[in-house]
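Single-structure report; data block below.
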Amino acid sequence: MANCRRLAGLVLLSAALAFALPAASRAQPLRTGFYETSCPDAEALVRQAVASAVASNPGLAAGLIRLHFHDCFVRGCDASVLIFSPNGTAERDSPPNNPSLRGFEVIDAAKAAIEQRCPRTVSCADILAFAARDSVNLTGNVFYQVPAGRRDGNVSLFADAFTLPGPNLTATELVEGFRNRSLTAEEMVILSGAHTIGRSHCASFLFKNRERLANGTISPAYQALLEALCPPTTGQFTLVTTEIDLSTPTVLDNNYYKLLPLNLGLHFSDDQLIRNATLVPFVDAFAANETLWKERFVAAMIKMGNIDVLTGTQGEIRLNCSAVNTPSSSDWMIETILPDAVGEVAAS
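Okay, here's the thing in structure tokens:
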């Protein structure tokens, strides 16, 4: 009975908090320097974790950028992609993410370091955004300020990941998918440039590229190389991968755009950028001017990091990035905001 009364009290408290707090505190804009007072070392601790991981495995930089992208494009930038499901029913288990997503352990390491310094303060969604920025800096020598203040969601669904833009989409489908996230066609081309680093699994390109070979939109020599690399029984869990950018696979540069007109785009979706009259001028501009692309890439990353964010009192600050908080682990927030109220609930 006491537990029931406590649960009812917590529900009433949640409702009371929602109405008692001003609207601005429930949903707030992101801002740079968000943790200046509450956890001034937060970004440095993330930077250290990323730098250490990338020093051991340079490919993790691309993995962390992609992890942030896949988070923001499903349910918004709320770290839902990090949630682990013992039953294999979360976003990270879905074919668009599994087995290709990587970098989870880097986020966990950063979170552990931050929790030791500033418990229950920094969201996993913000850590992921910082880690993506630091990966851009390490591979492309570009640093930018990341507006923060995101909070973590508590829902992660297998089916939701199928809304991610895939490697076999047409130009029209790519533009539509990005427009649904309030990103322009140009920003789609800009963010696609992240393919200048990282690797891709055989299943994401091999079979569609056979169609490209037949219609002359992929270099025959390139396709022959890919056929030799990938086993004939390639499937979702075939772990063979190849660099997306054969020339500078660990450097965030504009080489991706230079390869496309040579029919050396790895994915069908990459190649689509030069088959569309609206998109090809962007490709040409970024191939000719790396500084321009990097400037716009930074702006697009910041804009992407604002997609459907939870702020203020929305969502939660996860204690473990791979698991939503339990009710008992959330009691600290109520005790902090309304300490007397919790006593009243417990005693009633």
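In terms of mature numbering (1 follows the signal peptide of the UniProt record, and there is no 0), the sequence shown is residues -27 to -1, 1 to 321.
Note that the Cβ used here is the ideal one computed from N, Cα and C, for glycine as well.
Any chain C beta carbon closer than 8 Å to A86: Absence of chain C from the displayed structure is noted, only one protein chain being present.
Measuring CB to CB, does G122 end up less than 8 Å from R4? yes
Buried versus exposed call for Q245 [16 or more other C-beta atoms within 10 Å across all chains shown]: buried
Just curious, the beta strand (DSSP E) that T215 is in, first and last residue? 214 to 216
Start-to-end residues for the alpha helix (DSSP H) that takes in H174: No alpha helix (DSSP H) holds H174; the beta strand (DSSP E) holding it covers 172 to 174.
Pairwise C-alpha distance: A144 and A250: 10 Å
If we count the other Cβ atoms within 10 Å of its Cβ and call it buried at 16 or more, is V213 buried or exposed? exposed
Considering only the beta carbon of each residue, do C97 and D125 sit closer than 8 Å? yes
Tell me L235's beta-bridge partners as DSSP assigns them. In the DSSP output, where bridge partners are listed per residue, L235 has none listed.
At what residue ranges does the region 44 to 103 contain a whole run of the beta strand (DSSP E), taking only runs of 3 or more? none
Continuous beta strand (DSSP E) assignments of at least 3 residues falling wholly in the region 139 to 200: 172 to 174
Where the alpha helix (DSSP H) containing F131 begins and where it ends: That residue, F131, is in no alpha helix (DSSP H); it is neither H nor E in DSSP.
The alpha helix (DSSP H) that contains L18, what's its start and end? 15 to 29
Under the three-state reduction of DSSP, which class applies to D281: helix, strand or coil? coil
Identity of the residue in F178, P254, P204, R248 nearest I217 by Cα: F178
Please look up how many angstroms separate the CB atoms of D107 and S295, rounded, as I've assumed it's under 8 Å. That belief does not hold up - the Cβ atoms of D107 and S295 are roughly 20 Å apart, past 8 Å.
Coarse secondary structure for A250, derived from DSSP in three states: Secondary structure of A250 (DSSP, three-state): coil.
How close, in whole Å, do the beta carbons of T207 and A176 come, if the pair is a contact with beta carbons under 8 Å? 5 Å
Do you know how far the Cα of L202 is from the Cα of Y8? 46 Å
Can you tell me which of the three DSSP states R123 falls into? coil
Could you give the DSSP three-state label for N110: helix, strand or coil? The answer is helix: DSSP assigns N110 an H, G or I state.
Are the CB atoms of R291 and V282 within a distance shorter than 8 Å? no
7 Å CB neighbourhood of Q196 in its chain, flanking five on each side removed: Excluding the 5 residues flanking it on each side, Q196 has same chain C-beta neighbours closer than 7 Å at N182, L186, in chain order.
Per-residue burial, R152 [other beta carbons within 10 Å of its own, 16 or more giving buried]: exposed
Flag F210 as yes when its Cβ comes closer than 7 Å to any non-hydrogen atom of the ligand ATP, and as no otherwise. For the structure depicted, the ligand ATP is absent and the ligand set is empty, with no information on it obtainable.
Hey, I275 and P120: beta-carbon distance below 8 Å or not? yes
Please classify E64 as buried or exposed, where buried requires at least 16 neighbouring CB atoms within 10 angstroms. Here E64 is buried, its C-beta having at least 16 other C-beta atoms within 10 Å.
How big is the Cα-Cα spacing for R39 and P300? 31 Å
Cut-off 6 Å between Cβ atoms - residues of its own chain near Y230, not counting five sequence neighbours on either side: V256, F259, A260
Given that a residue counts as buried once 16 or more other Cβ atoms are within 10 Å of its Cβ, and exposed if not, what is N114? Around the Cβ of N114, a 10 Å sphere holds fewer than 16 other Cβ atoms; the residue is exposed.
Distance, E289 Cα to L(-18) Cα: Because the pLDDT of L(-18) is 41, which lies under 50, any placement of that residue in the model is unreliable, and the number read from its coordinates should be weighed accordingly. Near 15 Å, if we compare the C-alpha coordinates of E289 and L(-18).
Alpha carbons only, please: which of P31, D243, Q209 is nearest the one belonging to R138? Here residue 138 is Pro; the residue named in the question, Arg, does not match the sequence. Of P31, D243, Q209, the residue nearest in Cα terms is D243.
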